[in-house]
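Worksheet: the structure to be examined is printed underneath.
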Amino acid sequence: MKYLSLIRRRKDFSVGAFRDYYENQHVPLALSFFPPQLYRRNYPDPGVELPIDCLCEFAYPDGFDIEAAMGTSAGPALADDEGNFIERDSTCTAQATLLCGEPAATQTLASREFWLIPHGDAKPDSLREAFRCLPRELRDGACLETLQPFWCNHFPYVAMLSLETVSTGPLPAEFAALGAVRVKVNSCASRTTVA
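Okay, structure coming up:
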């Protein structure tokens with residue numbers, strides 16, 4: 001099971017201080033409790049006009065009960081630490097389900113790109129068709145996932161296309177018609193395994 005959290009830094013943290021705290025304080029704490037198969041923090045490039053400071057991807061094997069795990073002492077410890085640098089009230093999380101493509105191998109540090117698709121006319125068939133129409137050089141390294149709210153009542157996007165490289169040129173017409181928002185990010189992934 002894969003999840004995506006949209007995270008905003010506390011107002012008293014600069015972008016650099018937020019990232020430093022996240023990578024050097026929170027990540028080791030989180031990994032000490034129940035390391036996920038995937039734990040990747042994606043920091044938007046400067047100039048991205050979204051109220052998001054990090055798009056965090058994390059995944060656990062099928063059958064892992066994340067709610068039960070958060071019901072242990074790990075839950076309060078992580079929540080307390082998140083309060084040190086995150087605006088917790090603005091954080092929202094979605095469960096991501098693969099629709100098209102194949103997730104690429106995770107690189108520890110990488111420049112990547114997301115196309116976030118808001119609610120609207122984006123239905124599974126229109127998303128599949130948009131993916132099918134991608135140029136081959138984009139499609140071969142792309143992964144399209146639908147997003148369902150998890151631990152929140154609303155998630156602002158219905159789907160996300162992940163590219164393992166940064167694309168050039170305008171959004172393809174099919175994704176532009178769906179209202180896709182392009183977000184270039186710098187990714188930091190932790191090498192993890194779940195026993």
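Heads up, the sequence shown is in full-length UniProt numbering, so the first residue is 1 and it goes up one at a time.
Glycine included, each C-beta is placed from N, C-alpha and C at the ideal position.
Within 10 angstroms of the beta-carbon of Asn42 lie 16 or more other beta-carbons, which makes it buried.
Around the beta carbon of Gly101, 16 or more other beta carbons sit within 10 angstroms, so the residue counts as buried. Annotation for His119: Pro156, Tyr157, Val158 place their beta carbon closer than 8 angstroms to its own, counting only its chain and skipping 5 residues before and after.
Cβ contact annotation for Leu29 (same chain, cutoff 6 angstroms, sequence separation greater than five): Asp81, in chain order. Using a 10 angstroms sphere on the CB of Ala173, the tally of other CB atoms stays under 16, which defines it as exposed.
Taking Leu109 as the centre and dropping the five residues before and after it, the same chain places the C-beta of Asn186, Ser187, Cys188, Ala189 closer than 8 angstroms to its C-beta, in chain order. Going by DSSP, Pro51 is part of no alpha helix (DSSP H) at all; its letter is neither H nor E. Taking Leu161 as reference, the option from Asp12, Ala142, Arg10 with the minimal CA-CA separation is Ala142.
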